[in-house]
Every structure is written in C-alpha cells, then in structure tokens.
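Colleague:
In full-length UniProt numbering, the protein residues as written are 1 to 250.
The structure is reproduced here in structure tokens:
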C-alpha cells in the first residue's frame with residue numbers, strides 16, 4: 001500500500017475522528033456532521049440558508065437555486081465576487097474544508113447601479129409599481145419611496161417596474177442630454193437583486209426610447225419571463241409590502 005501524503009495545511013481539513021460524527025443523547029447516533037464541515041454546510045443549504053467559506057471573497061456564497069418550477073433539477077449555485085450566480089462545482093479543497101459558516105447577505109447601495117425602494121401595488125393583472133407618467137398619471141399603482149443612482153447618468157430613475165401578463169415591464173428615465181448613455185446602458189443584460197438573491201432578466205425587447213417634456217428622456221421596455229425570475233414574480237405580487245430592488249446592467 002502506498003504512503004498517504006498529508007495535506008500541507010491541516011487547518012483546512014476536517015478531522016476524520018468517527019466520534020465527531022456521533023451525537024450522544026441517551027444513545028449514540030451516527031451521521032451528525034461536525035459544524036463547519038462540508039456535510040454540515042450542505043444540510044444548511046438544503047434548509048434554505050446561505051453559506052460561505054472563511055477564505056472566500058465577502059460577496060461569494062452558495063445557496064439552493066431558486067429554479068423550482070420543474071424545468072430543471074434544484075441545485076446548489078455559487079454567487080461569485082460580482083454576485084453573479086453559477087452552478088456550483090466544488091473544488092477538492094471545498095470538499096475537505098472545515099471553515100464553512102452561515103452568512104447573511106445584505107446588498108449595499110454602492111453595489112447597485114440603480115437601487116430603489118417600492119411599496120408594491122397592483123392594478124388589474126399588473127403587480128409592482130408604475131407611476132404612469134407616460135400616460136398622464138392615470139392608472140398608477142405602487143409607490144416609489146426612495147431611489148439611489150450610482151451611475152454617471154444624471155437623474156437616472158425608475159418610473160415603472162412591474163410584472164405584466166407574461167413579462168417584466170420597466171420604464172427608466174434620465175436627463176435629456178443623457179439619452180444616448182441611457183440607451184447604451186439598457187442594451188445590456190439586467191440583473192435584479194432582492195434580499196441577496198440575483199435574478200437574471202436578460203436583455204429587453206420591444207424597447208421604446210423617447211423624450212417627454214414632463215419626464216425628460218425615458219426608455220420603456222420588456223424583459224421576458226425566465227425560470228431564473230420566477231421568485232421575483234412572487235416578490236412583486238406582495239402587494240402593500242415595501243421591498244428594496246438593486247439593478248445592475250452588464
């Protein structure tokens with residue numbers, strides 16, 4: 001039998017003492033993983049919690065995927081340092097590590113190109129927010145409580161964001177002089193973050209840029225339904241609740 005090499009850094013590995021996988025109550029129970037081990041971390045993930053390793057970037061974490069509509073198996077996804085989710089493929093070091101811990105993701109305003117708080121509303125089959133300024137303000141629903149712009153586009157703001165029949169509808173506005181920059185930004189893929197979960201809405205379709213004397217430059221467009229965004233629909237349907245949204249275009 002060949003000699004087994006010991007890992008260079010023993011602190012990164014869980015001690016495989018069988019006694020640590022047993023919990024003594026009145027009888028000895030097998031199968032209880034040590035806290036901070038990968039088996040323990042996987043249990044926490046499947047309980048709906050968010051996990052990270054001590055050596056990872058502060059924005060990196062794993063969680064259970066939100067795709068529970070039956071289109072594909074539920075899986076574990078990892079959010080990278082840019083908060084973009086991908087299917088998690090653990091490294092050998094991840095498998096042996098004993099530095100896993102629970103994390104609470106709180107998006108910061110500076111991490112968002114455009115962030116805003118809405119009191120969600122509803123009108124007919126639409127859920128979310130629309131001040132309806134493009135149509136004289138009639139039929140508006142929901143309320144914009146606050147907005148923060150971290151781009152170089154002056155007065156970038158949100159006039160509408162709601163679920164409409166089978167697509168997400170948005171209206172983004174800015175100063176008139178920044179219409180070219182606004183159009184350039186909105187050609188990119190939109191990522192919406194709510195409560196630390198990132199939803200990929202893809203690229204808009206049916207876009208309608210324009211100028212208006214009341215709202216200056218604007219761009220209205222739709223984002224198609226995707227499996228990644230199913231839970232975002234559920235959030236927009238929480239009428240009366242106040243929720244914070246983070247928009248990033250990449």
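For glycine and all other residues, C-beta sits at the position ideal for the given N, C-alpha and C.
Quick one: which unbroken alpha helix (DSSP H) runs of 4-plus residues sit fully inside the UniProt domain "Thoeris anti-defense 2-like" (39-103)? Chain order, please.
Modeller: 92-96
Colleague: Is it true that the segment 170-181 meets the segment 227-236, where meeting means three or more beta-carbon pairs spaced less than 8 Å apart?
Modeller: Here the segment 170-181 makes no contact with the segment 227-236; the two share fewer than three CB pairs at distances below 8 Å.
Colleague: Let me know if residue 75 comes out buried or exposed under the rule of 16 or more other beta-carbons within 10 Å of its beta-carbon.
Modeller: exposed
Colleague: CB-CB under 7 Å to residue 250, same chain, minus the five flanking residues each way: which ones, in chain order?
Modeller: 188, 189 and 191
Colleague: Under 8 Å, with one C-beta from each stretch per pair, do the segment 192-212 and the segment 77-92 reach the 3-pair mark?
Modeller: yes
Colleague: Quick one: what's got a C-beta closer than 6 Å to residue 185's C-beta in the same chain, skipping five residues either side?
Modeller: 249
Colleague: So, with DSSP's three-state summary, where would you put residue 170?
Modeller: Per DSSP, reduced to three states, the secondary structure at residue 170 is strand.
Colleague: Would you call the segment 139-156 and the segment 113-121 touching, i.e. three or more CB-CB distances under 8 Å?
Modeller: yes
Colleague: May I have a chain-ordered list of the beta strand (DSSP E) segments no shorter than 3 residues that lie completely inside the UniProt domain "DUF7823" (138-250)?
Modeller: 143-149, 157-164, 167-174, 190-194, 197-202, 205-212, 216-224 and 242-249
Colleague: In three-state DSSP terms, what is residue 111?
Modeller: helix
Colleague: Answer yes or no: do residue 99 and residue 49 have a C-beta to C-beta separation smaller than 8 Å?
Modeller: Not in contact: residue 99 and residue 49 (Cβ atoms no closer than 8 Å).
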